[in-house]
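2 protein chains.
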Amino acid sequence: MSLRHAILVLLDEHDASGYDLAREFARGIGHVWNATHQQIYLELGRLSDDGLVEYRHVAQNGRPDKKLYWITDAGYRELEAWMDEPAPKPRLRDALMIKIAGGHLADKEQLLRELREQMADHEETMATFRRMEEAYNKLSPREQENKRFEWLALRRGLLDEESWMTWAREVEAELVEGLDTREQNQSA
Amino acid sequence: MSLRHAILVLLDEHDASGYDLAREFARGIGHVWNATHQQIYLELGRLSDDGLVEYRHVAQNGRPDKKLYWITDAGYRELEAWMDEPAPKPRLRDALMIKIAGGHLADKEQLLRELREQMADHEETMATFRRMEEAYNKLSPREQENKRFEWLALRRGLLDEESWMTWAREVEAELVEGLDTREQNQSA
DNA sequence: TATGCCATGTAACAGGTTACATGATTTT
DNA sequence: AAAATCATGTAACCTGTTACATGGCATA
Chain A
6 MSLRHAILVL LDEHDASGYD LAREFARGIG HVWNATHQQI YLELGRLSDD GLVEYRHVAQ
66 NGRPDKKLYW ITDAGYRELE AWMDEPAPKP RLRDALMIKI AGGHLADKEQ LLRELREQMA
126 DHEETMATFR RMEEAYNKLS PREQENKRFE WLALRRGLLD EESWMTWARE VEAELVEGLD
186 TREQNQSA
Chain B
6 MSLRHAILVL LDEHDASGYD LAREFARGIG HVWNATHQQI YLELGRLSDD GLVEYRHVAQ
66 NGRPDKKLYW ITDAGYRELE AWMDEPAPKP RLRDALMIKI AGGHLADKEQ LLRELREQMA
126 DHEETMATFR RMEEAYNKLS PREQENKRFE WLALRRGLLD EESWMTWARE VEAELVEGLD
186 TREQNQSA
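Line by line, the protein sequences give chains A and B. Every position in the first sequence, counted from 1, becomes a number in the numbering used here once 5 is added. Every position in the second sequence, counted from 1, becomes a number in the numbering used here once 5 is added.
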């Protein structure tokens, strides 16, 4: 159950509402951990019950009220204790890769279409990460030092996306080549 | 629910027992999809109930009997139908990255130790993948052609591992540097 | 007028993990 | 003597997803 720890790490960076957290999970940190708003609201409730976070209502003009959460001392103790325990290895479940592995059974045009859709998504993610990296690079050396670990996690996302795109371009080229060859045979 | 489709893709490659599948999920294909034996045995039961796979008992000498499963025509139809539907995007949940992102709260030596353990694991995985790639390279052009898609999925695993190691070495260097600096300050 | 953003939640269900259970053979 | 490999399963529990629910304000 690391969702709570992911939330605590985010709350350590800055106070946030459930909505804020959901946004961050959908963007930056979402690359290494993700969660839907439903999960987040539930977990914030539990964290609050356990005294690891606290919140206050914040009224806003033109927008609905929100609950602003922050991490408590008990929350920090919990986080630090968790840091000393070995992290479970991530378990990957990528359905597209299953399709690729069994690609000889698939409609190649369909597969190419889907690959390209995912490539577009990954391009967007990379663009976001690059913007985040640029923002980091513009910080003062002192601030860079403070956010060094956040940056290292971001860096992981970037390298991961780059490696994915490298792979995808290889696959794209092969699929296109396969389709071209078939067309030539048909017209011959 | 793509576990069943992952199993079907594996059974398309060759007939297998639940145990065989569990081994493959733990090694090769495990990089893109993984499952425990408990999940696999349950799902094989359901696949069998749904007529997508069949099996026969195989007696073995010196080893327990096993159930050898294969994919049926209905199984192939199911797989092909599934291939045409968009695959859900993978959701990453990597606890180590949360630790890294909140690394300023962690004991750096502990973090370095854990990073190095995971690096060793990844080295092993890479070695396995490289052996698999070498085996593929030794196949006849015709066989390479047949297993092209399997190889593309393997290739993804390799690139992913390489990218992970690149990142990990960067982080390792930073952590080591940080610890050295602290030691110098202590002894000064 | 419709879509998107802000903001928080509940409930039912599906999927996945951990613990428990057994037992022979082979390797260290 | 202990650990690993082969081989299959059940049950309880925890986690995560999808569907449902509401509603104002701002932008296209």
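Ideal Cβ placement from N, Cα and C applies to all residues, glycine included. Here the structure is a predicted model, which is why all the values come from computation and not from measurement.
C-beta neighbour in chain A for residue i, strict 8 Å
i: Ile45 of chain B; result: no
i: Glu128 of chain B; result: no
i: Arg82 of chain B; result: no
i: Ser192 of chain B; result: no
i: Ala158 of chain B; result: yes
i: His10 of chain B; result: yes
i: His36 of chain B; result: yes
i: Arg174 of chain B; result: no
i: Arg161 of chain B; result: yes
i: Ser168 of chain B; result: yes
Beta-carbon proximity of residue i to residue j, cut-off 8 Å
i: Leu13 of chain A; j: Leu57 of chain A; result: yes
i: Leu180 of chain A; j: Lys113 of chain A; result: yes
i: Lys135 of chain A; j: Glu177 of chain A; result: According to the sequence shown, residue 135 of chain A is Arg rather than Lys. No, the Cβ-Cβ distance between Arg135 of chain A and Glu177 of chain A is not below 8 Å.
i: Val15 of chain A; j: Glu29 of chain A; result: For the record, residue 15 of chain A in the displayed sequence is Leu; it is not Val. Yes, Cβ-Cβ distance for Leu15 of chain A and Glu29 of chain A is below 8 Å.
i: Trp172 of chain B; j: His127 of chain B; result: no
i: Leu8 of chain A; j: Gln44 of chain A; result: yes
i: Lys5 of chain A; j: Met88 of chain B; result: No statement about residue 5 of chain A is possible, as the shown extent of chain A runs from 6 to 193 and does not include it.
i: Glu119 of chain B; j: Ala92 of chain A; result: yes
i: Thr133 of chain A; j: Arg32 of chain A; result: yes
CA-to-CA distance, residue j to residue i, given in whole angstroms
i: Arg96 of chain B; j: Leu97 of chain A; result: 8 Å
i: Val37 of chain A; j: Leu101 of chain B; result: 9 Å
i: Asn142 of chain A; j: Gln149 of chain A; result: 7 Å
i: Ala40 of chain B; j: His19 of chain A; result: 36 Å
i: Met131 of chain B; j: Arg161 of chain A; result: 18 Å
i: Tyr81 of chain B; j: Trp75 of chain B; result: 11 Å
i: Glu138 of chain A; j: Leu159 of chain A; result: 8 Å
i: Glu182 of chain B; j: Ala125 of chain B; result: 20 Å
i: Glu175 of chain A; j: Leu184 of chain A; result: 15 Å
i: Ala106 of chain B; j: Asp99 of chain A; result: 24 Å
i: Val63 of chain B; j: Gly23 of chain B; result: 13 Å
i: Leu47 of chain B; j: His109 of chain A; result: 27 Å
i: Glu167 of chain A; j: Lys71 of chain B; result: 43 Å
i: Ser145 of chain A; j: His10 of chain B; result: 50 Å
i: Glu59 of chain B; j: Asp17 of chain B; result: 12 Å
i: Arg61 of chain B; j: Glu90 of chain B; result: 31 Å
i: Ala86 of chain A; j: Gln115 of chain B; result: 12 Å
i: Leu73 of chain A; j: Ile34 of chain A; result: 19 Å
i: Phe154 of chain B; j: Leu117 of chain A; result: 13 Å
i: Ala111 of chain B; j: Lys152 of chain A; result: 14 Å
i: His42 of chain B; j: Thr77 of chain A; result: 41 Å
i: Asp55 of chain B; j: Leu164 of chain A; result: 42 Å
i: Ala79 of chain B; j: Gln191 of chain A; result: 30 Å
Coarse secondary structure for residue i, derived from DSSP in three states
i: Ala194 of chain B; result: A question about residue 194 of chain B goes unanswered here, because the residues of chain B that appear run from 6 up to 193.
i: Leu97 of chain A; result: coil
i: Leu73 of chain A; result: strand
i: His62 of chain A; result: strand
i: Ala92 of chain A; result: coil
i: Ala21 of chain B; result: strand
Within chain B, partners of residue i - CB distance below 9 Å
i: Thr186 of chain A; result: Result: empty, since nearest Cβ-Cβ is about 12 Å, beyond 9 Å.
i: Pro95 of chain A; result: Leu97, Arg98, Asp99, Ala100, Leu101, Met102
i: Asn39 of chain A; result: Arg96, Leu97, Arg98
i: Ala140 of chain A; result: What Ala140 of chain A touches in chain B: nothing, since even the nearest Cβ is about 16 Å away.
Under 7 Å from the C-beta of residue i: neighbouring residues of chain B
i: Lys104 of chain A; result: Met88, Ala92
i: Val14 of chain A; result: Ile103, Ala106, Gly107
i: Thr171 of chain A; result: Leu164
Any chain B beta carbon closer than 8 Å to residue i
i: Ala178 of chain A; result: no
i: Ile76 of chain A; result: no
i: Gln115 of chain A; result: yes
i: His62 of chain A; result: no
i: Glu85 of chain A; result: yes
i: Asp17 of chain A; result: yes
i: Asp25 of chain A; result: no
i: Arg135 of chain A; result: no
Contact set between residue i and chain A, taken where Cβ atoms lie within less than 8 Å
i: Phe154 of chain B; result: Ile105, Ala106, Gly107, Gly108, His109
i: Glu119 of chain B; result: Pro91, Ala92
Listed by chain order, chain B residues near residue i by CB distance under 8 Å
i: Ser22 of chain A; result: By Cβ distance, chain B contributes nothing, its closest Cβ being about 19 Å from Ser22 of chain A, past 8 Å.
i: Ser7 of chain A; result: Arg98, Ala100, Ile103
i: Asp70 of chain A; result: Within chain B, no residue comes near Asp70 of chain A; the closest Cβ sits about 29 Å away, beyond 8 Å.
Chain A contact residues for residue i, given Cβ-Cβ distances below 9 Å
i: Ala31 of chain B; result: Here the premise fails: no neighbours, minimum Cβ distance about 11 Å.
i: Asp112 of chain B; result: Glu85, Met88, Asp89
Partner residues on chain A for residue i, Cβ-Cβ distance less than 7 Å
i: Ser145 of chain B; result: Near Ser145 of chain B there are no residues of chain A at all, since even the closest Cβ is about 17 Å away, more than 7 Å.
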